[in-house]
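Numbering of the sequence shown is given in the working numbering, commencing with residue 25 and proceeding in unit increments.
Yeah, the Cβ is synthetic: ideal placement off N, Cα and C, and Gly gets one too.
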Amino acid sequence: MSVSYRFTHAITRKPSTSITAGLRAMDIGTPDLAVMQAHHAAYIAALRSTGAQVVELDALEAFPDSVFVEDTALCLPEAAIIMRPGAPSRLGEAAAMAPHLAALYADTRQISGADSFIEGGDILTTETEILVGRSARTNAAGIKELAAVVSDWGHKLREVFTPPGVLHFKTDCSLLDGETVLSTKRLAASGCFDGYKIIHTAEGEEACANTIRFNDLVIMPAGFPKTRDALVKAGYELREIGNSECAKLDGGMSCLSLRFTPRA
Ligand code: GLY
C-alpha cells in the first residue's frame with residue numbers, strides 16, 4: 025500500500041474573509057471569497073469522493089493565508105511534524121493546526137529552532153524519500169532539523185532547490201504515483217527527479233504543476249487542457265477544480281489540504 029498517495033484522512037480549513045489580504049508575489053487581482061468558497065467545496069467533495077475522511081476546520085480570520093493548510097505540517101504515517109513557516113504572518117497558523125493533528129496522531133513533533141524555517145509546500149514525499157526544496161520560506165536550518173526528526177523512522181530526506189522566484193518546491197511539481205512526477209521543465213532541468221518518470225507540464229501551462237494524487241484521483245486546477253489530456257492519456261483519473269482565486273495568492277491543489285494515514 026502506497027504511503028505517498030493513498031490516504032485515509034485529509035484536513036482542510038475554510039477560507040476567511042481576510043483572504044483578500046493573503047500574501048502574493050504579484051498582484052493580479054483581489055480574490056473573490058464567494059468564488060473561492062465554491063472552488064473549496066468542490067475540492068473537498070473530490071477528496072471525499074475517494075472514501076477519505078475530510079476534516080473541515082473553521083476559518084481563521086487572523087491568518088489571511090490559513091486556507092493553505094499544507095504549509096503548517098508534514099504528515100507521515102508515523103507522526104505529524106508541525107512546521108515553522110518562513111512567512112512571519114503565517115507562523116501562528118502552525119500552532120493553530122497542532123491540536124487537530126494531536127487528535128489524530130499518537131505522536132506529533134515540532135520544528136522549533138529559532139533559526140529554522142520550513143513550510144510544507146516545499147516538501148514532496150515520495151514512496152522512497154522526502155524531497156525538501158530550499159526556498160525563500162524554507163532554509164537550511166529548517167531542513168536539517170526536519171532531517172533529524174524523520175531519521176527516527178528511517179526516512180531518507182534529500183535537500184533540493186526551489187527555482188528562484190517560485191514560491192514553493194511543489195509550486196512546480198507533484199507526485200502522480202509511486203515512481204512518476206508531474207514537473208515543469210525548469211524544475212526537472214535541475215536533475216532533482218533523476219530516477220523518476222517525469223511528465224512535463226505543457227508549454228505555457230506551468231501553473232498547473234501543483235496537482236495532487238489522492239487515492240485514485242489526480243486533482244488538478246481547471247484550465248490546462250494540454251497537460252490534462254497528457255495525464256488522461258497516461259492513464260490517470262482526473263478531477264479538475266477551479267483555482268482562479270487561490271492562484272491570485274500563488275496557491276494550488278496541494279496547498280489546500282494535509283493528506284495522511286496515521287499509523288494505528
Ligand atoms: N499566499 C500563500 C503564501 O504566500 O504562503
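Compute the Euclidean distance between the alpha carbons of glycine 75 and glutamine 61, then round it to the nearest angstrom.
-> Looking up residue 75 in the sequence shown gives position 51. Looking up residue 61 in the sequence shown gives position 37. Distance between the alpha carbons of glycine 75 and glutamine 61: 22 Å.
Euclidean distance between Cα positions of isoleucine 236 and aspartate 139 = As a position in the sequence shown, residue 236 is number 212, starting the count at 1. As a position in the sequence shown, residue 139 is number 115, starting the count at 1. Their backbone Cα atoms lie some 30 Å apart in a straight line.
By DSSP, does histidine 33 sit in helix, in strand, or in coil?
-> Along the sequence shown, read from residue 1 onward, the residue named residue 33 stands at position 9. In this structure, histidine 33 counts as strand in the three-state DSSP scheme.
Contact test: alanine 111 Cβ vs the ligand GLY heavy atom, cutoff 8 Å | Walking along the sequence shown from the start, residue 111 turns up at place 87. Yes, the Cβ of alanine 111 comes within 8 Å of a heavy atom of the ligand GLY.
Please say whether asparagine 163 and phenylalanine 193 have beta carbons closer to each other than 9 Å?
-> The residue you call residue 193 lines up with position 169 of the sequence shown. The residue you call residue 163 lines up with position 139 of the sequence shown. Taking 9 Å as the Cβ cut-off, phenylalanine 193 and asparagine 163 do not qualify as a contacting pair.
For cysteine 232, collect the residues of the same chain with a Cβ closer than 7 Å to its Cβ; drop the 5 residues on either side in sequence, then sort them by chain order.
-> Stepping through the sequence shown from its first residue, residue 232 is reached at position 208. Taken in chain order, the residues that qualify are Thr225, Met244, Pro245, Phe248, Thr251.
Return helix, strand or coil for serine 207, following the three-state DSSP convention.
-> Residue mapping note: residue 207 aligns to position 183 of the sequence shown, counting from 1. Residue state, collapsed to three classes: strand.
Check each candidate in Thr204, Arg133, Asp89 and name the one with the smallest Cα separation from leucine 112.
-> Working through the sequence shown from its first residue, we reach residue 112 at position 88. In the sequence as presented, leucine is not what sits at residue 112; that position holds proline. Selected option, being the one with the closest Cα: Asp89.
Neighbourhood of valine 184 by C-beta distance below 8 Å, restricted to the same chain and skipping five residues each side | As a working mapping, residue 184 is identified with position 160 in the sequence shown. Excluding positions up to five away in sequence, the list reads Leu155, Val156, Gly157, Arg158, Phe193, Ser214, Cys216.
Whose C-alpha, out of Ala86, Ala65, Ser268, is nearest the C-alpha of glutamate 80?
-> Mapped onto the sequence shown, residue 80 falls at position 56. Measuring from the Cα of glutamate 80, the nearest candidate turns out to be Ala65.
From Ile222, Ala212, Val190, residue whose alpha carbon lies closest to that of threonine 204 = For the purposes of this step, residue 204 is identified with residue 180 of the sequence shown, where counting begins at 1. Nearest option by C-alpha distance: Ile222.
At a Cβ threshold of 9 Å, is alanine 65 touching chain B?
-> In the structure shown, chain B does not exist; there is a single protein chain.
How would you label aspartate 196, buried or exposed, when you count the other beta carbons within 10 angstroms and need 16 or more for buried?
-> By one-based count along the sequence shown, residue 196 stands at place 172. Buried, by the Cβ-count rule.
Do you know how far the Cα of serine 175 is from the Cα of serine 278?
-> Position 254 of the sequence shown, counting from 1, holds the residue named residue 278. Position 151 of the sequence shown, counting from 1, holds the residue named residue 175. Distance between the alpha carbons of serine 278 and serine 175 is about 24 Å.
How close, in whole Å, do the beta carbons of leucine 100 and histidine 179 come, if the pair is a contact with beta carbons under 8 Å?
-> The count along the sequence shown starts at 1 and reaches residue 100 at position 76. The count along the sequence shown starts at 1 and reaches residue 179 at position 155. Sure, about 7 Å apart at Cβ, within 8 Å.
Ends of the beta strand (DSSP E) at arginine 158?
-> Locating residue 158 in the sequence shown gives position 134, where the first residue counts as 1. Taken as a continuous stretch (DSSP letters only), the beta strand (DSSP E) holding arginine 158 covers 154 to 158.
Touching by the beta-carbon criterion (3+ pairs, under 8 Å), the region 101 to 109 and the region 45 to 57 | no
Identify the residues that DSSP records as bridge partners of glutamate 183: which are they?
-> Taking the sequence shown and counting its residues from 1, the one referred to as residue 183 is at position 159. Answer is Val156, bridged to glutamate 183.
So is the beta-carbon of arginine 158 under 8 Å away from any non-hydrogen atom of the ligand GLY?
-> As a working note, residue 158 is residue 134 in the sequence shown. No, the beta carbon of arginine 158 sits no closer than 8 Å to any heavy atom of the ligand GLY.
Do you know offhand how far proline 286's Cα is from alanine 122's?
-> The sequence position of residue 286 within the sequence shown is 262, counting from 1. The sequence position of residue 122 within the sequence shown is 98, counting from 1. When rounded, the distance between both Cα atoms is 15 Å.
Hey, could you find the ends of the beta strand (DSSP E) isoleucine 52 is sitting in?
-> Translated into positions along the sequence shown, residue 52 becomes position 28. From DSSP, isoleucine 52 is part of no beta strand (DSSP E); its letter is neither H nor E.
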